[in-house]
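Asks:
Written as structure tokens, this is what we have:
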């Protein structure tokens, strides 16, 4: 056996399998994809940017591909002062929105002049077996540099067994009696259906979404 | 033909291509880079810093318009001194100064190990800021060997020159009392200038150990 052949043979197990040392390509330049298990768990599915939009709807991409879906709100700005960001789900691809929901809502507020600093549950913003839109935030001032940013997470929307839990966390700017304040809005709950949810709609409770981007990501298990 | 040669031959298709089952290196440990076209996921590690008796940890690069959302993860940050508060502040000049005013909210849930002293949810008026800096991210963390803090801080669209900069943070810390402390902080940096630096430090004393990693969330 020649020396090269011998060295080659030494790179294999007795089962004919390459040993790790037999592979020296550090860049693996021909690879076009890697196994899902090796990827980051966050995958951008789609995004939409508002431009004086009545609503933003995601009617595709929500299925059984991922067990968790994450919406990121970037600088959502209302056309109308003191509008609230709301959302609802659909089981018919966006033909209608209004799934019976039970939710909680609480928030912390702190004004720039330090006159307000509180943590409170808001009974006016929660839902009890209601088909109304779910509040992600309370009032947002529409001054030019204001708006909100935050995250909404939906768990296993394609399940046909379980209700659909969500957790929403947003920070916004609010104008309270002439003093601007930071408000941290936290809502959570479940859309009380065992049908698959395959669409979500976001809108202000009054007026248009003047500006802002919503990104939708899938998170692998 | 020897046994190994026969086994080897069986690992190659008739076209001369090595079959997947012939490669047993599941970690591919020698790989140092992948081609740019490979999808590795949309949470991208930008940089990471590990404290070693460090006065502070600053990120003065990597915060720009590449991403609309940035995530910092705190792993086992441990104070040199007992009962320290982790603080942060922003820069608009690459870290030369950290003087951006913020308005924040702060609440926490605490539960003592003895199950009797504390079990409550509260707003902490002493730990929020109103048009000031720096701001607190946690209440007191102890410096026993096993005490530390872990959590996440998310900053939205720091490069905007139109909007204030919102952020949301949640960190679990082991209080020096001792008790579990679940800290919720949110707010905005009240500037329309782009933010391109951030500093984390304890209110006194060093960051004895711990890692802070900065990630970008892909937007395309």
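Residue numbers (our numbering), protein chains in the order written: chain L, 3 to 223; chain P, 26 to 245.
Beta carbons: idealized from backbone N, C-alpha and C, even for Gly.
With DSSP as the reference, label residue 244 of chain P as helix, strand or coil.
Replies: To locate residue 244 of chain P, count along the second chain from 1; it is residue 219. Note: residue 244 of chain P maps to coil in three-state DSSP.
Asks: By the 10 Å Cβ neighbour count, where 16 or more other Cβ atoms means buried, how is residue 165 of chain P classified, buried or exposed?
Replies: If you number the second chain from 1, residue 165 of chain P lands on position 140. In the assembly as shown, residue 165 of chain P is a buried residue. Its beta-carbon has 16 or more other beta-carbons within 10 Å.
Asks: In terms of alpha-carbon separation, which member of L:145, L:146, L:173 and L:156 lies closest to residue 181 of chain P?
Replies: Counted from its first residue, the second chain places residue 181 of chain P at position 156. The residue among L:145, L:146, L:173 and L:156 with its C-alpha nearest the C-alpha of residue 181 of chain P is L:173.
Asks: My output table needs one value for residue 198 of chain P: the three-state DSSP class, helix, strand or coil.
Replies: Against the second chain, residue 198 of chain P aligns to sequence position 173. The answer is strand: DSSP assigns residue 198 of chain P an E or B state.
Asks: Taking just the CA atoms, how far does residue 177 of chain P sit from residue 109 of chain L?
Replies: On the first chain, position 107 is the one that residue 109 of chain L refers to. On the second chain, position 152 is the one that residue 177 of chain P refers to. The straight-line gap from Cα to Cα measures roughly 19 angstroms.
Asks: For a contact defined as C-beta to C-beta under 7 angstroms, what are the partners of residue 115 of chain L on chain P?
Replies: Taking the first residue of the first chain as position 1, residue 115 of chain L is located at position 113. Under the 7 angstroms cutoff, chain P gives 155.
Asks: Please report the residue range of the beta strand (DSSP E) in which residue 81 of chain L lies.
Replies: Walking along the first chain from the start, residue 81 of chain L turns up at place 79. From DSSP, residue 81 of chain L is part of no beta strand (DSSP E); its letter is neither H nor E.
Asks: Which word fits residue 148 of chain L, buried or exposed, when buried means at least 16 other C-beta atoms lie within 10 angstroms of its C-beta?
Replies: In the first chain, the residue the question calls residue 148 of chain L occupies position 146. By the neighbour-count rule (16 or more Cβ atoms within 10 Å), residue 148 of chain L is buried.
Asks: Under 8 angstroms by Cβ, that's how I've got residue 148 of chain P and residue 119 of chain L pegged, so tell me the actual separation to the nearest angstrom.
Replies: Reading the second chain from its first residue, position 123 is the one you call residue 148 of chain P. Reading the first chain from its first residue, position 117 is the one you call residue 119 of chain L. 6 angstroms between Cβ atoms; contact.
Asks: From this set, L:154, L:162 and L:89, which residue's C-alpha is nearest residue 211 of chain L's C-alpha?
Replies: The count along the first chain starts at 1 and reaches residue 211 of chain L at position 209. Selected option, being the one with the closest Cα: L:89.
Asks: Taking only beta carbons into account, state which residues of the segment 27-38 of chain P come closer than 8 angstroms to chain L, listed in chain order.
Replies: 28, 29, 30, 31, 32, 33, 34, 35 and 36
Asks: Looking at residue 129 of chain P and residue 112 of chain L, is the spacing between their C-beta atoms short of 9 angstroms?
Replies: Locating residue 112 of chain L in the first chain gives position 110, where the first residue counts as 1. Locating residue 129 of chain P in the second chain gives position 104, where the first residue counts as 1. Yes, the Cβ-Cβ distance between residue 112 of chain L and residue 129 of chain P is below 9 angstroms.
Asks: Report the option in L:87, L:93 and L:143 whose CA atom is closest to the CA atom of residue 194 of chain L.
Replies: Here residue 194 of chain L corresponds to residue number 192 of the first chain, with the count starting at 1. For residue 194 of chain L, the closest alpha carbon among the candidates L:87, L:93 and L:143 is that of L:93.
Asks: Hey, would you say residue 95 of chain P sits closer than 9 angstroms to residue 183 of chain P, going by beta carbons?
Replies: As a working note, residue 95 of chain P is residue 70 in the second chain. As a working note, residue 183 of chain P is residue 158 in the second chain. A contact, by the Cβ cut-off of 9 angstroms.
Asks: Is there at least one Cβ from chain P nearer than 9 angstroms to residue 106 of chain L's Cβ?
Replies: Against the first chain, residue 106 of chain L aligns to sequence position 104. Not an interface residue.
Asks: Under 9 angstroms, Cβ to Cβ, is there at least one residue of chain L near residue 68 of chain P?
Replies: The residue labelled residue 68 of chain P in the question sits at position 43 within the second chain. It does; some Cβ of chain L falls within 9 angstroms.
Asks: Write down the C-beta distance between residue 55 of chain L and residue 96 of chain L rounded to the nearest angstrom, noting that I regard them as a contact closer than 8 angstroms.
Replies: Working through the first chain from its first residue, we reach residue 55 of chain L at position 53. Working through the first chain from its first residue, we reach residue 96 of chain L at position 94. In this structure, residue 55 of chain L and residue 96 of chain L do not form a Cβ contact; the two beta carbons are roughly 15 angstroms apart against a cut-off of 8 angstroms.
Asks: Who pairs with residue 75 of chain P in a beta bridge, going by DSSP?
Replies: In the second chain, the residue the question calls residue 75 of chain P occupies position 50. In DSSP, residue 75 of chain P forms a bridge with P:236.
Asks: From the beta carbon of residue 167 of chain L, is the nearest beta carbon of chain P less than 9 angstroms away?
Replies: Along the first chain, read from residue 1 onward, the residue named residue 167 of chain L stands at position 165. Not closer than 9 angstroms to any Cβ of chain P, the Cβ of residue 167 of chain L fails to qualify, so no.
Asks: Which residues bound the alpha helix (DSSP H) around residue 33 of chain P?
Replies: One-based indexing of the second chain puts residue 33 of chain P at position 8. Looking at the DSSP string, the run of the alpha helix (DSSP H) that includes residue 33 of chain P is 28-35.
Asks: Residue range of the beta strand (DSSP E) that residue 80 of chain P falls in?
Replies: For the purposes of this step, residue 80 of chain P is taken as residue 55 along the second chain, with counting starting at 1. For residue 80 of chain P, there is no enclosing beta strand (DSSP E), as DSSP marks it with neither H nor E.
Asks: Can you name the start and end residues of the beta strand (DSSP E) that residue 54 of chain L belongs to?
Replies: The sequence position of residue 54 of chain L within the first chain is 52, counting from 1. Looking at the DSSP string, the run of the beta strand (DSSP E) that includes residue 54 of chain L is 44-55.
Asks: Touch check for the segment 149-169 of chain L and the segment 71-89 of chain L: three-plus C-beta pairs under 8 angstroms?
Replies: yes
Asks: Can you list, in chain order, the residues of its chain whose CB lies under 8 angstroms from that of residue 49 of chain L, leaving out five sequence neighbours each side?
Replies: Translated into the one-based positions of the first chain, residue 49 of chain L becomes position 47. 215, 216, 217 and 218, listed in sequence order.
Asks: What does the alpha-carbon distance come out to for the pair residue 155 of chain P and residue 114 of chain L?
Replies: In the second chain, the residue the question calls residue 155 of chain P occupies position 130. In the first chain, the residue the question calls residue 114 of chain L occupies position 112. Those two C-alpha atoms are separated by around 5 angstroms.
Asks: Which term fits residue 114 of chain P, buried or exposed, when burial requires 16 or more other beta carbons within 10 angstroms of its beta carbon?
Replies: Your numbering for residue 114 of chain P matches position 89 in the second chain. Buried, because 16 or more other Cβ atoms sit within 10 Å of the Cβ of residue 114 of chain P.
Asks: So, with DSSP's three-state summary, where would you put residue 155 of chain P?
Replies: In the second chain, the residue the question calls residue 155 of chain P occupies position 130. Of the three classes helix, strand and coil, the one that applies to residue 155 of chain P here is coil, per DSSP.
Asks: Less than 8 angstroms between C-beta atoms, sequence neighbours within five positions excluded: which residues of the same chain meet that for residue 163 of chain L?
Replies: Here residue 163 of chain L refers to the residue found at position 161 when the first chain is read from its first residue. Around residue 163 of chain L: 196.
Asks: Show which residues of chain P have a CB atom less than 7 angstroms away from the CB atom of residue 215 of chain L.
Replies: Translated into positions along the first chain, residue 215 of chain L becomes position 213. 93, listed in chain order.
Asks: Using DSSP bridges, identify the partner residues of residue 161 of chain P.
Replies: Counting from one through the second chain, the residue named residue 161 of chain P turns up at place 136. Answer is P:112, bridged to residue 161 of chain P.
Asks: Roughly how many angstroms separate the alpha carbons of residue 255 of chain P and residue 90 of chain P, rounded to a whole number?
Replies: This structure does not reach residue 255 of chain P, given that chain P is present from 26 up to 245, and the question cannot be answered.
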